[in-house]
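Chemist: This is the structure I want to talk about, given as structure tokens.
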Amino acid sequence: MTEHQSRLRLHDTATRETRDFVPLQPGKAGIYVCGLTVQSEPHVGHVRSAVNFDVLRRWLEASGYEVDFIRNVTDIADKILAKSAEQGVHWYALAQRMQRELDKALASINVLPPTYEPAATGHVPEIVDLVQQLIAAGHAYAADDGSGDVYFDVRSYPEYGDLTRQRVDDMEPAGDADPRGKRDPRDFALWKGHKAGSEPATAAWPSPWGPGRPGWHIECSAMAGKYLGPAFDIHGGGVDLRFPPPENEQAQSRAAGRPFASYWLHNAWITTAGEKMSKSLGNSLLVPSVLERVRGIELRYYMVSAHYRSHVEFSFEALDEAASAFRRLEHFLERATDLLGEVPTGGMPCADFVTAMDDDLGTPAAVAAIHEVVREGNRALASGDAAAVRGSAASVRAMLGVLGLDPADPAWPTAGGSDRLTGVVDSLVQGLLAERAAAREAKDWARADAIRDQIKAAGIEVEDTPTGPKWSV
RNA sequence: GGUGGGUUGGCCGAGAGGCGAGGCAACGGACUGCAAAUCCGUCUACACGGGUUCAAAUCCCGUACCCACCUCCA
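The numbering of the first sequence is our numbering, which starts it at 2 and goes up by one.
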């Protein structure tokens with residue numbers, strides 16, 4: 002694939018403009034993505050974020066960058082403690098179980114594992130270190146109410162609010178702790194003192210301020226610094242993370258003398274009936290449940306066919322439509338494979354696709370470009386132009402690959418069960434198809450259609466092609 | 001109270017001053033014994049009211065409605 006590193010443009014939420022991506026080091030890109038707080042089963046909204054940044058990563062790699070992709074897991078937080086207490090399980094057991102669920106969900110939609118996935122609990126020394134730096138710099142203070150909390154001093158950092166253009170005076174006060182220990186109600190906790198009565202002893206780590214645990218999204222500042230250095234290229238997360246965390250992360254980091262991220266990317270929500278999914282009830286939108294209706298690759302196509310900064314109103318109708326649109330692409334590749342034996346890898350994305358992706362990851366336009374190439378390919382298929390089919394198919398495969406949607410990617414579970422089972426079904430279907438062929442030969446159309454209906458009733462579609470009938474599940 | 005985003009054809013979903021994204025559905029045609037698949041064609045939309053301009057879905061002003069964020073939810 003050609004390298005065109007200078008042409009990518011990204012929308013930076015911090016400056017609210019789309020500008021050329023200029024990496025700190027030529028040919029390299031360091032990305033930090035705010036991962037999940039592992040407190041509950043992953044739903045489609047959670048995985049959208051992962052898919053969006055997975056596409057960013059794949060496009061950077063396809064464009065010739067060497068990508069360092071760090072995505073954290075927050076495995077200690079108020080909510081984890083609260084939910085585990087409700088369920089009567091250890092907080093770490095809950096966090097671990099949810100992390101496995103998340104891994105499974107992400108694998109099912111072909112999200113590449115990050116280069117490294119640091120967990121908050123594994124980085125307490127780095128966090129303590131950062132908090133100490135902030136105190137030394139005069140931007141944080143230990144509460145003097147004996148709580149063991151440490152707060153970021155919002156008033157000490159004049160740039161606080163810049164990222165989201167808010168003035169400290171207009172903000173609502175933080176409700177994360179008893180305001181008595183704070184100098185200003187907007188100050189937020191960097192470190193939370195252990196509450197011996199109400200919190201498990203396992204949820205505390207030693208610190209200069211007594212036993213406690215990481216507060217706020219301080220772990221992101223600390224871990225991004227550890228693995229990507231004081232300055233790195235891209236920070237990604239959901240829009241909800243637009244006000245507090247980046248603001249705080251940036252404040253935490255810059256106040257400690259670290260430049261932090263050059264570009265801030267934020268994906269928009271998936272909502273249901275206007276309601277943010279994290280608040281919606283029921284589990285019909287949990288990833289495993291959605292995957293009972295469509296395949297992982299189809300769910301991923303649905304997500305990729307909307308721009309990452311556009312709000313998506315989730316609906317099963319739209320999901321089904323996306324699935325049929327995807328099958329059109331997939332079907333072309335199948336037919337091309339039948340003709341060519343196999344579709345070569347290493348094809349070239351078409352120019353429209355490249356332009357679309359370079360323009361702030363314009364996946365909708367990129368998908369439209371794929372459809373155009375598929376149309377050309379189908380025409381070539383109809384006219385029996387094998388060379389043209391090869392070119393189109395290889396290109397389609399390459400483009401789908403960038404979006405993580407190559408049906409031939411071994412990351413996808415093989416459809417229709419094992420090869421052995423496929424063989425069994427094939428021999429049964431072939432028997433019926435032979436009967437149908439005989440009936441057609443005899444122009445006994447009623448008999449031929451009855452056989453086709455019988456096969457269809459078993460969930461198998463038959464289509465007649467120039468080279469004979471083909472069946473698919 | 002503060003901040004940001006949105007409203008596009010039957011549906012989903014791009015675009016961001018002129019040159020009709022794309023998909024799904026529907027309809028017509030080609031192909032087919034009939035289908036399926038595929039191809040060709042049809043369906044000329046931008047919340048509302050003003051304004052700027054030779055030209056506005058796109059810019060400006062106003063209105064309505066929706067959504068999100070404002071302390072730990074992607």
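For glycine and all other residues, C-beta sits at the position ideal for the given N, C-alpha and C.
Between the alpha carbons of G123 and Y228, how many angstroms are there, rounded?
Modeler: Rounded to the nearest angstrom, the two C-alpha atoms are 13 Å apart.
Chemist: Please report the residue range of the alpha helix (DSSP H) in which H47 lies.
Modeler: Note, H47: alpha helix (DSSP H), 45-63.
Chemist: Are A232 and A138 touching if we call contact CB-CB under 8 Å?
Modeler: Contact: no.
Chemist: Applying the criterion that 16 or more other CB atoms from any shown protein chain within 10 Å of the CB defines a buried residue, is H140 buried or exposed?
Modeler: When all chains shown are included, H140 counts as buried.
Chemist: F317 to G230, Cα distance in whole Å?
Modeler: The straight-line gap from Cα to Cα measures roughly 43 Å.
Chemist: Whether or not the region 188-196 and the region 147-158 are in contact is what I'm after, with contact meaning three or more pairs of Cβ atoms, one per stretch, closer than 8 Å; do they touch?
Modeler: Taking 8 Å as the limit for Cβ pairs, the verdict is that the region 188-196 does touch the region 147-158.
Chemist: For H372, is the classification buried or exposed, using 16 other Cβ atoms within 10 angstroms of its Cβ as the cut-off for buried?
Modeler: Exposed.
Chemist: Output needed for V374: all residues of its chain with C-beta closer than 7 Å, excluding positions within five of it in sequence on either side, in chain order.
Modeler: Excluding residues within five positions, the ones whose Cβ falls inside 7 Å are C351, S393, S396, V397.
Chemist: For the alpha helix (DSSP H) that S473 lies in, which residues bound it at each end?
Modeler: Here S473 belongs to no alpha helix (DSSP H); instead the beta strand (DSSP E) covers 469-473.
Chemist: Go ahead and label K277 buried or exposed: buried means 16 or more other beta carbons lie within 10 angstroms of its beta carbon, across all protein chains shown.
Modeler: Flag for K277 reads exposed.
Chemist: Is the region 44-54 close to the region 256-272, with three or more CB pairs under 8 Å?
Modeler: Yes, the region 44-54 is in contact with the region 256-272.
Chemist: Distance, Cα to Cα, G182 vs K80?
Modeler: Taking the straight line from one Cα to the other gives about 22 Å.
Chemist: Give me the residue from S222, E200, P289, R441 with the minimum Cα distance to P212.
Modeler: Nearest of S222, E200, P289, R441 to P212, Cα basis: E200.
Chemist: Does the distance from the CB of E220 to the CB of I298 come in under 8 Å?
Modeler: Cβ distance not < 8 Å, so E220 and I298 don't count as in contact.
Chemist: Does DSSP put L11 in a helix, in a strand, or in coil?
Modeler: L11 falls in the strand class under three-state DSSP.
Chemist: Could you tell me if A106 is buried or exposed, where buried requires 16 or more neighbouring beta carbons within 10 angstroms of its beta carbon?
Modeler: By the neighbour-count rule (16 or more Cβ atoms within 10 Å), A106 is buried.
Chemist: Using three-state DSSP, classify H140 as helix, strand or coil.
Modeler: Looking at H140 - three-state DSSP - the assignment turns out to be coil, as it is neither helix nor strand.
Chemist: For G31 and V74, which I take to be in contact (beta-carbon distance under 8 Å), what is that distance rounded to the nearest angstrom?
Modeler: Wrong, their Cβ atoms sit about 18 Å apart, outside the cutoff.
Chemist: Among the candidates I235, T203, G226, V132, whose CA atom is the shortest distance from the CA of V190?
Modeler: Looking at the sequence shown, residue 190 is not Val but Ala. Checking every option, the nearest Cα to that of A190 belongs to V132.
Chemist: In chain order, which alpha helix (DSSP H) runs of at least 4 residues are fully inside the region 418-472?
Modeler: The region 418-472 contains these whole alpha helix (DSSP H) runs: 420-442, 446-458.
Chemist: With F261 as the anchor, note down where its beta strand (DSSP E) starts and where it stops.
Modeler: Taken as a continuous stretch (DSSP letters only), the beta strand (DSSP E) holding F261 covers 261-268.
Chemist: Using 8 Å as the threshold, is the region 330-346 in touch with the region 438-453, meaning 3 or more CB pairs across them?
Modeler: Contact fails: fewer than three Cβ-Cβ distances are below 8 Å.
Chemist: Check whether the Cβ atoms of V68 and L61 lie closer than 8 Å to each other.
Modeler: In contact: V68 and L61 (Cβ atoms closer than 8 Å).
Chemist: Decide if D465 is buried, meaning its Cβ has at least 16 other Cβ atoms within 10 Å, or exposed.
Modeler: Exposed, because fewer than 16 other Cβ atoms sit within 10 Å of the Cβ of D465.
Chemist: Between the Cα of E462 and the Cα atoms of V426, M400, D339, I77, which residue gives the shortest distance?
Modeler: Comparing Cα-Cα distances from E462 to each of V426, M400, D339, I77, the minimum goes to V426.
Chemist: Quick check: what's the CA-CA separation for L287 versus R441?
Modeler: Each residue's alpha carbon lies about 47 Å from the other.
Chemist: Taking only runs that begin and end inside the region 83-146, name each unbroken alpha helix (DSSP H) of 4 or more residues, in chain order.
Modeler: The region 83-146 contains these whole alpha helix (DSSP H) runs: 92-109, 125-137.
Chemist: For the region 353-371 against the region 10-29, are there 3 or more C-beta pairs whose distance is under 8 Å?
Modeler: Verdict: yes, contact present.
Chemist: I'd like to check one pair, D76 with A120: are the Cβ atoms closer than 8 Å?
Modeler: Yes, they are a contact pair.
Chemist: Give the single residue among A367, V368, A389, A369 whose Cα lies nearest to the Cα of E377.
Modeler: Answer by Cα proximity: A389.
Chemist: When we look at the beta-carbon of S1 and count the other beta-carbons within 10 Å, is it buried (16 or more) or exposed?
Modeler: It is not possible to answer for residue 1, since the shown part of the chain is limited to 2 through 474.
Chemist: Go to G31, then tell me how far its beta strand (DSSP E) extends in each direction, as first and last residue.
Modeler: Its beta strand (DSSP E) spans residues 29-34.
Chemist: Based on the DSSP secondary-structure assignment, which residues constitute the bridge partners of Y152?
Modeler: DSSP, once it has assigned bridges, lists Y142, A190 as partnering Y152.
Chemist: Would you mind reading off the limits of the beta strand (DSSP E) that contains P215?
Modeler: Per DSSP, P215 belongs to the beta strand (DSSP E) from 213-215.
Chemist: Going by C-alpha distance, which of T468, D321, W210, A370 is nearest V1?
Modeler: The displayed coordinates of the chain run from 2 to 474. Any statement about residue 1 would go beyond what the structure contains.
Chemist: In three-state DSSP terms, what is E200?
Modeler: Coil.
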